[in-house]
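Written below as structure tokens is the structure these notes are about.
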Amino acid sequence: MSEITILVVDDEYLIRWTLQKKLEKAGYGVRLAETGEEALQKIREETPDLALIDINLPGMDGFEVLETIKT
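Read left to right, the sequence shown gives residues 36 to 106 (my numbering).
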């Protein structure tokens, strides 16, 4: 069975770190992004099974990231 991958997108380091540790402990593969632009690049490289995206990101906000993914 392949590992489920979750992309965590948040500009706050402690939130990314905490979610990474908890999700990895639960057996998930975790990829991290600090900005919306970085998240889109990571999604282009390897599509995650799930993305947890902060709405209030610098530059491109979470809603814009979702709209771009959708198109």
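Yeah, the Cβ is synthetic: ideal placement off N, Cα and C, and Gly gets one too.
8 Å Cβ shell around residue i - same chain, five flanking residues per side excluded
{"i": "residue 36", "result": "Residue placement at residue 36 is poorly supported in this model, since its pLDDT is 43, which falls under 50; the coordinates still yield a value, given next. Within the same chain, residue 36 has no close Cβ partners at all."}
Residue i and residue j closer than 8 Å at C-beta
{"i": "residue 55", "j": "residue 65", "result": "yes"}
{"i": "residue 96", "j": "residue 40", "result": "no"}
{"i": "residue 69", "j": "residue 46", "result": "yes"}
{"i": "residue 101", "j": "residue 88", "result": "yes"}
Distance, residue j Cα to residue i Cα
{"i": "residue 61", "j": "residue 44", "result": "18 Å"}
{"i": "residue 48", "j": "residue 105", "result": "26 Å"}
{"i": "residue 98", "j": "residue 57", "result": "25 Å"}
{"i": "residue 94", "j": "residue 38", "result": "31 Å"}
{"i": "residue 74", "j": "residue 63", "result": "18 Å"}
Whole-Å CB distance - residue i paired with residue j, under 8 Å assumed
{"i": "residue 42", "j": "residue 71", "result": "12 Å between Cβ atoms; not a contact."}
Beta-carbon proximity list for residue i, same chain, < 6 Å, skipping 5 on both sides
{"i": "residue 59", "result": "65"}
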